[in-house]
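The next block holds one structure in the form of structure tokens; read it before the comments.
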Amino acid sequence: MAFFKKNYGWLIVSVLATLPLIPLVKTGFDGGKENIDMLYHISGEFSIRWMTAVLTCTPFFILFGVTNLFVRQAMGIATAVWSLLHFILFIWAEGFLETFTQFNYVAGFVAVLLLIPLLLTSNRISMRFLKTNWKKLQRFAYLIIFLSLLHIAILDKTWLIYAIIVGIGFIIRIPFIKHNILQWRQNRKAV
Ligand code: HEM
2 MAFFKKNYGW
12 LIVSVLATLP
22 LIPLVKTGFD
32 GGKENIDMLY
42 HISGEFSIRW
52 MTAVLTCTPF
62 FILFGVTNLF
72 VRQAMGIATA
82 VWSLLHFILF
92 IWAEGFLETF
102 TQFNYVAGFV
112 AVLLLIPLLL
122 TSNRISMRFL
132 KTNWKKLQRF
142 AYLIIFLSLL
152 HIAILDKTWL
162 IYAIIVGIGF
172 IIRIPFIKHN
182 ILQWRQNRKA
192 V
């Protein structure tokens, strides 16, 4: 019970991130062109949803003062694993070289490549080892979300809602705005 109380945040993220594998595997076994589109849809959507969610962690902390490193890392892992799965499904259906036939695929490909070092360093040992470089590495996330949104926008799929959420998050992160929100929260606490 004590374990669950301490770890329920990342456990919930892990369960939520794993559940869509059920329709994914079922669709994969059914086969057919329509189902391949469905596989792209499921894996692509969960990649961008988790990516948006993980980028919302810092603005959420600024607004509400709530943060949890393990939850954040679990969300980061979910993002990278779903993106890699999306790419593996593409290779399986179309072949690796097909990646270089369209600009939007190349944008997605670079995003997936940049996600790999983030995935490999999403743990406390790497954090301790890399020190300040860990934070610098995490900044790849901004380029990754830009490339991912570009990929989705060119494909003419749903991208605007994610761009708005991430955009609001970036506005909240602007030092002047962040400082004012933190100050306002502190004043409210003091009253
Ligand atoms: C090598 C990298 C990638 C390749 C080759 C690739 C390929 C594809 C393909 C073939 C589709 C379906 C297009 C269609 O139905 O017309 C698709 C859709 C999509 N991809 Fe990617 N993708 C890549 C990376 C990414 C990344 C990094 C993300 C986001 C984190 C992403 C998010 C999406 C989304 C949200 C869709 C739309 C799904 C839908 O609503 O149907 N993709 N991608």
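Note that the working numbering has the sequence shown beginning at 2, numbered continuously upward.
Even for Gly, the Cβ is constructed at its ideal location relative to N, Cα and C.
Asked                                                                                     : Found
Burial state of Met2, where buried means 16 or more other Cβ atoms lie within 10 Å        : exposed
Closer than 7 Å: Leu56 CB and nearest the ligand HEM heavy atom                           : no
Presumed contact (8 Å Cβ cut-off) between Phe5 and Pro21, rounded CB distance             : No, Phe5 and Pro21 are not in contact; Cβ-Cβ is about 23 Å, not under 8 Å.
Short Cβ contact (8 Å threshold) for Ile1 with Ser123                                     : Shown here, the chain extends from 2 to 192; a query on residue 1 therefore has no answer.
With 16 other Cβ atoms within 10 Å as the buried cut-off, status of Trp51                 : buried
Spatial distance of Thr133 from Asn36 (CA atoms)                                          : 44 Å
Three-way DSSP call (helix, strand, coil) for Arg140 in this model                        : coil
Span of the alpha helix (DSSP H) around Leu90                                             : 70-95
Of the listed residues Leu98, Tyr106, Asn8, nearest to Arg229 (C-alpha basis)             : Because the chain spans 2 through 192 in this model, residue 229 falls outside it and cannot be assessed.
Proximity winner among Gly66, Ala75, Cys58, relative to Arg186 (alpha-carbon distances)   : Gly66
Closest residue to Leu183 among Ala18, Thr53, Leu40, Ile63 (Cα-Cα distance)               : Ile63
Neighbour-count burial assignment, Leu86, 16 or more Cβ in a 10 Å radius                  : buried
Buried or exposed by the 16-neighbour rule on C-beta atoms within 10 Å, applied to Thr159 : exposed
Three-way DSSP call (helix, strand, coil) for Ile175 in this model                        : coil
Distance cut-off 7 Å: His180 Cβ against heavy atoms of the ligand HEM                     : no
Under the three-state DSSP convention, the category Lys190 falls into                     : helix
Cβ contact (3+ pairs, closer than 8 Å) linking the region 144-155 and the region 97-110   : yes
Buried versus exposed, by CB contacts within 10 Å (16 or more), Gly170                    : buried
DSSP state of Gly170 mapped onto helix, strand, coil                                      : helix
Pro60 vs Ile173 beta-carbon contact at 8 Å                                                : yes
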